[in-house]
Structure formats: C-alpha cells, structure tokens
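**Q**
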Amino acid sequence: MRVRAQLGVAGLLVLLGVLVIAAPLDGPMVVEGTLIEFGPHRPIPTMIDLAGLAVCAAGLAWLLVLLIRYLPAIRRCLGERTVFSAGLVAGFGFGLLLCATATGLPGWWIVGGALVGTVLVVLSISLALRAPD
644 MRVRAQLGVA
654 GLLVLLGVLV
664 IAAPLDGPMV
674 VEGTLIEFGP
684 HRPIPTMIDL
694 AGLAVCAAGL
704 AWLLVLLIRY
714 LPAIRRCLGE
724 RTVFSAGLVA
734 GFGFGLLLCA
744 TATGLPGWWI
754 VGGALVGTVL
764 VVLSISLALR
774 APD
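In our numbering, the protein residues as written are 644 to 776.
Set out below in structure tokens:
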C-alpha cells in the first residue's frame, strides 16, 4: 500500500474515532461550553466511548509509525529546526492534554489536543508531499 493511501486510512481512523467519542448519547450535550464532559452527566466512559478510543488509538499508532518510519523525508521537506520545533510543540500539547484531563481543568484539554493535532497534520502533509512510492 502506498504511503499516501496509508496516511489517508490512518487519518480517517483517527477522525472516525474522534467523531464516535464526541457523538452525544441522548441528543446535544453541551455542558458549560465544552463538547465532551465526563462529569455528573457522563461519570464513566461508555462502551461506545471505549470503542471510539480504540479506533482513534489504532489510527494514531499507524500514523505515528508512518511518521517515524519516513522521518528523513519529513526532515528534508521541512528542515531540522522545524521538525525539532514541531516535536517541542507536540510534547507541550500532549503534556497539557494529560494534565488537563487528570486534574479536571475545563477546556484546557482542547488546547492540548489542538496543538498535537496541528503538528500531526503538518507532519502528515509534508510526508504526503515527499512520500517515496
């Protein structure tokens, strides 16, 4: 399977997993300005949430394996400093995501997820542009 096709399938798996997690159980459930909240309304993740997490994790693992495998092509496309900076931003975003979900800070997990997602999209696009066939 070609690299671009693998990137597309991995990206679709991640998107599908996020959509399953974000789907409300009983109609729109926007509580206190956030889309998803595991609190009084959804105290524990349901089986649907766990299935979405599994699909999302599989897509992310596939995407990360591709990015690590073709890291030299990404470095040639973006440059050493840009890839290093992207790693710093993604690490900060992932740390913010973990801290916000562990401590229950409302809304900050969105910022961390957006940082990590942006870095993954930029690296994936650069790999798709320079993908060896």
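Beta carbons are placed, not taken as given, at the ideal position from N, Cα and C, and that holds for glycine.
Might you give, ordered along the chain, the residues of its own chain that have their beta carbon closer than 8 angstroms to the beta carbon of Ala697, omitting 5 neighbours on each side?
**A** Numbered from its first residue, the sequence shown carries residue 697 at position 54. Within the same chain, Ala697 has close Cβ partners Gly660.
**Q** Look at Pro775 and Val646 and say whether their C-beta atoms are less than 8 angstroms apart.
**A** Position 132 of the sequence shown, counted from the first residue, corresponds to residue 775. Position 3 of the sequence shown, counted from the first residue, corresponds to residue 646. Cβ atoms of Pro775 and Val646: closer than 8 angstroms.
**Q** Beta-carbon within less than 6 angstroms of Gly756's beta-carbon, same chain only, minus the 5 sequence neighbours each way: which residues are those?
**A** Translated into the one-based positions of the sequence shown, residue 756 becomes position 113. Once the five neighbours on either side are set aside, the close Cβ partners of Gly756 are Leu740.
**Q** To which residues of the same chain is Ala653 closer than 7 angstroms at the C-beta, ignoring the five residues directly before and after it?
**A** Here the question's residue 653 lines up with position 10 in the sequence shown. The answer, listed in chain order, is Gly702, Trp705, Leu706, Leu709.
**Q** Just curious, the alpha helix (DSSP H) that Met690 is in, first and last residue?
**A** The residue given as residue 690 occupies position 47 in the sequence shown. DSSP places Met690 in the uninterrupted alpha helix (DSSP H) bounded by 690 to 712.
**Q** Whole angstroms is fine: what's the gap from Cys720's alpha carbon to Ser769's?
**A** The count along the sequence shown starts at 1 and reaches residue 720 at position 77. The count along the sequence shown starts at 1 and reaches residue 769 at position 126. For Cys720 and Ser769, the distance between alpha carbons rounds to 6 angstroms.
**Q** With DSSP as the reference, label Gly651 as helix, strand or coil.
**A** In the sequence shown, residue 651 corresponds to position 8, counting from 1. Looking at Gly651 - three-state DSSP - the assignment turns out to be helix.
**Q** In this structure, does DSSP put Arg773 in helix, strand or coil?
**A** Taking the sequence shown and counting its residues from 1, the one referred to as residue 773 is at position 130. Of the three classes helix, strand and coil, the one that applies to Arg773 here is coil, per DSSP.
**Q** In this structure, does DSSP put Val762 in helix, strand or coil?
**A** By 1-based counting over the sequence shown, the position of residue 762 is 119. Helix at Val762.
**Q** What is the DSSP secondary structure of Arg645, reduced to helix, strand or coil?
**A** The residue labelled residue 645 in the question sits at position 2 within the sequence shown. Coil.
**Q** Let me make sure I understand the geometry here. Which of Ala694, Ala733, Phe735, Ala729 has the alpha-carbon closest to that of Val663?
**A** Taking the sequence shown and counting its residues from 1, the one referred to as residue 663 is at position 20. For Val663, the nearest C-alpha among the options comes from Ala694.
**Q** Indicate the three-state DSSP secondary structure (helix, strand or coil) for Leu662 in the structure shown.
**A** As a first step, residue 662 is located in the sequence shown; it is residue number 19 there, counting from the start. Correct three-state label for Leu662: helix.
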